[in-house]
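J.: First the structure, then my questions, so here it is.
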Amino acid sequence: MQGQKQNKSTVSERIINIATVAVAIGIAAILIAMSTSEGLQREIQEKTSVFNGHILVTSFENNESQVSLLPLEDSQQLRNQISEDENLERLHGIALKAGMLKTKNDFEGFLLKGVSEDFDWSSLSSFLTQGSFPNTKKESVTNEILISETMADRLGLNLGQKVEAFFQSQTGEGLPKRRRFTIVGIYFSGFPDIDQNLIYADIRQVQRLNQWNKNQIGGYELFVNDFHEVELTANRIYERLPSELNSSSITDRFSGIFQWIALFDFNVLIILIVMLLVGVINMATALLVLILERSRMIGLLKALGANNTLVQKIFLYNGTVIMTKGLFWGNFLGLGFYFSQHYWGWIQLDPTTYFVSQAPVYIDGFKVIFVNLFFLGISTLLLWIPSKIILRISPSKVLRYR
96 MQGQKQNKST
106 VSERIINIAT
116 VAVAIGIAAI
126 LIAMSTSEGL
136 QREIQEKTSV
146 FNGHILVTSF
156 ENNESQVSLL
166 PLEDSQQLRN
176 QISEDENLER
186 LHGIALKAGM
196 LKTKNDFEGF
206 LLKGVSEDFD
216 WSSLSSFLTQ
226 GSFPNTKKES
236 VTNEILISET
246 MADRLGLNLG
256 QKVEAFFQSQ
266 TGEGLPKRRR
276 FTIVGIYFSG
286 FPDIDQNLIY
296 ADIRQVQRLN
306 QWNKNQIGGY
316 ELFVNDFHEV
326 ELTANRIYER
336 LPSELNSSSI
346 TDRFSGIFQW
356 IALFDFNVLI
366 ILIVMLLVGV
376 INMATALLVL
386 ILERSRMIGL
396 LKALGANNTL
406 VQKIFLYNGT
416 VIMTKGLFWG
426 NFLGLGFYFS
436 QHYWGWIQLD
446 PTTYFVSQAP
456 VYIDGFKVIF
466 VNLFFLGIST
476 LLLWIPSKII
486 LRISPSKVLR
496 YR
């Protein structure tokens with residue numbers, strides 16, 4: 096008899112342990128999915144924004160082109176009209192020109208991005224691997240350029256080296272125009288589309304190549320305070336612009352990238368639902384085993400006057416204790432993964448696929464608390480269903496036999 100009780104106790108302990116592990120794995124998987132998903136979203140969004148701006152204001156003729164075909168007049172009046180929007184953080188002028196870099200042994204096509212003197216170079220500080228940034232605040236036009244590490248490796252270029260560049264004339268006729276640049280800085284973004292062709296320079300270089308005057312630029316790059324309102328801000332600014340100008344948000348210009356990272360949220364939701372179901376099923380099994388194992392105790396409590404609701408609450412409380420233990424270990428594992436990846440970056444990714452070399456992580460404390468409370472609350476409510484078996488336990492039947 097004693098051996099039989101011990102065997103039952105061992106079985107119930109195993110099932111409770113399995114349920115605890117299932118809850119722990121479930122909450123850990125959710126936290127890991129949340130941290131990596133939001134980390135990737137933020138990193139890709141930030142990189143795309145830093146190199147392209149949140150909003151681009153250009154002539155309509157430039158909408159479908161990577162280069163600046165027609166200039167717009169850079170006036171203080173136009174800048175003031177744009178700056179009236181309360182969500183605007185800063186803006187600067189840009190101009191884009193396609194060209195070709197040539198060395199003794201090789202050549203490479205590239206996109207020259209000329210930036211105005213008010214460009215915030217500090218936004219690129221985290222991407223700078225060697226050297227410094229071009230000094231675009233000089234009175235005279237500077238020949239300094241910032242080149243990507245990818246292009247420098249392909250062409251065998253080093254910091255401080257001079258390189259020749261060729262540009263087609265604005266009319267497309269005659270010999271290409273030649274310029275000699277000095278490499279003062281090398282950057283690496285992790286974005287193949289950027290690293291393979293983008294070079295930063297003084298905007299006056301592009302103005303001279305296109306035979307524009309000093310007040311003519313390709314457009315404005317705008318940065319906003321609240322990225323969630325970037326599309327609304329772009330629409331508001333468009334209404335203030337002259338009829339020949341357009342404003343487009345980064346989510347429209349790079350819709351493929353932003354639609355892709357938006358799918359991360361859906362994946363996290365699927366993981367949340369699956370892990371919740373796994374946790375609830377295991378907890379329900381553990382609760383049923385506890386109820387059936389302690390049916391004599393339930394019968395005795397009922398015989399002493401306890402109603403069904405009170406007995407149900409007792410077992411639900413036990414279920415909640417088991418679940419809380421699982422949540423504790425799940426949070427320990429999930430947050431342990433977050434901190435280890437955040438500080439040591441031990442998970443590496445292919446930058447050509449994910450645009451980052453290591454898995455970025457980000458976690459919101461409020462979301463962690465919400466997920467835990469949601470998991471605990473929904474599971475407790477659903478556990479009320481299997482606890483209904485208590486209603487069918489008759490004191491007279493279970494107490495009839497010892």
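Every letter in the sequence shown is one number past the one before it in my numbering, and letter 106, counting from 1, is 201. Where is the CB? At the ideal position from N, CA and C, for every residue including glycine.
With the cut-off set at 8 Å, would you say Asn-175 and Val-319 are in Cβ contact?
T.: Pairing Asn-175 with Val-319 gives a Cβ-Cβ distance that is not under 8 Å.
J.: Per DSSP, which one or two residues make a beta bridge with Asn-310?
T.: Per DSSP, none; premise fails for Asn-310.
J.: Roughly how many angstroms lie between the CA atoms of Phe-262 and Leu-165, to the nearest whole one?
T.: 16 Å
J.: Measure the alpha-carbon distance for Tyr-315 versus Gly-188 and round it to whole angstroms.
T.: 5 Å
J.: Where Leu-241 and Asn-200 are concerned, what is the direct C-alpha to C-alpha distance, given to the nearest angstrom?
T.: 21 Å
J.: Which stretch, first to last residue, makes up the alpha helix (DSSP H) that contains Asn-230?
T.: Element bounds for Asn-230: n/a, residue is neither H nor E.
J.: From the DSSP output, in three-state form, read off Leu-364 for me.
T.: The answer is helix: DSSP assigns Leu-364 an H, G or I state.
J.: Which residues in the same chain as Ser-452 place their Cβ atom closer than 8 Å to its Cβ, once the five residues preceding and following it in sequence are excluded?
T.: Same-chain partners within the cutoff: Gly-285, Gln-443, Leu-444, Pro-446.
J.: Do Thr-277 and Glu-244 have their CB atoms nearer than 8 Å?
T.: no
J.: So Leu-207 packs on Val-145, CB below 8 Å; how close in whole Å?
T.: Contact flag wrong, Cβ pair sits at about 18 Å.
J.: When the Cα of Arg-348 is compared with those of Glu-234, Tyr-295, Trp-216, Thr-143, which residue comes out closest?
T.: Thr-143
J.: Assign Tyr-433 to one of two classes, buried (16 or more other C-beta atoms within 10 Å of its C-beta) or exposed (fewer than that).
T.: The residue in question, Tyr-433, is buried, as its Cβ has 16 or more Cβ neighbours within 10 Å.
J.: Are Ser-132 and Asp-459 close, meaning C-beta to C-beta below 8 Å?
T.: no
J.: Kindly indicate which three-state DSSP category Tyr-457 falls into: helix, strand or coil?
T.: coil
J.: For Phe-155 and Ala-190, I'd like the C-alpha separation in whole angstroms.
T.: Straight through space, the alpha carbons of Ala-190 and Phe-155 are spaced by roughly 15 Å.
J.: Would you check if the distance between the CB atom of Phe-470 and the CB atom of Leu-422 is smaller than 8 Å?
T.: yes
J.: According to DSSP, is Ser-130 part of a helix, a strand, or is it coil?
T.: helix
J.: Hey, quick one: how far does the alpha helix (DSSP H) through Asn-330 stretch, first residue to last?
T.: 325-335
J.: Grouping DSSP H, G and I as helix and E and B as strand, with all else coil, what is Asn-175?
T.: If DSSP states are grouped into helix, strand and coil, Asn-175 belongs with the helices.
J.: I want to know whether the segment 323-330 touches the segment 114-129 - three or more CB-CB distances under 8 Å.
T.: no
J.: In this structure, how does DSSP classify Glu-108 when only helix, strand and coil are distinguished?
T.: helix
J.: To the nearest angstrom, how far is it from the Cα of Gln-225 to the Cα of Met-246?
T.: Cα-Cα distance, rounded: 14 Å.
J.: Which same chain residues end up closer than 7 Å to Ser-218 when comparing Cβ atoms and leaving out the 5 residues on each side of it in sequence?
T.: Val-145
J.: Taking DSSP as the reference, what is the three-state secondary structure of Leu-223?
T.: In the structure shown, Leu-223 sits in a strand (DSSP, three-state: E or B).
J.: By alpha-carbon positions, which one of Ser-211, Asp-248, Arg-249 ends up nearest to Lys-232?
T.: Of Ser-211, Asp-248, Arg-249, the residue nearest in Cα terms is Ser-211.
J.: For the beta strand (DSSP E) holding Leu-196, just list the boundary residues, first then last.
T.: 183-197
J.: Along the chain, which unbroken stretches of the alpha helix (DSSP H) at least 4 residues long are found entirely within the segment 421-459?
T.: List check, alpha helix (DSSP H) in window: 446-449.
J.: Cα separation between His-149 and His-323?
T.: 11 Å
J.: State the Cα-Cα distance for the pair Gln-99 and Glu-108, rounded to the nearest angstrom.
T.: Only weak support exists for where Gln-99 lies, its pLDDT of 49 falling under 50; the value from the coordinates is given anyway. Spanning the two alpha carbons is a distance of roughly 14 Å.
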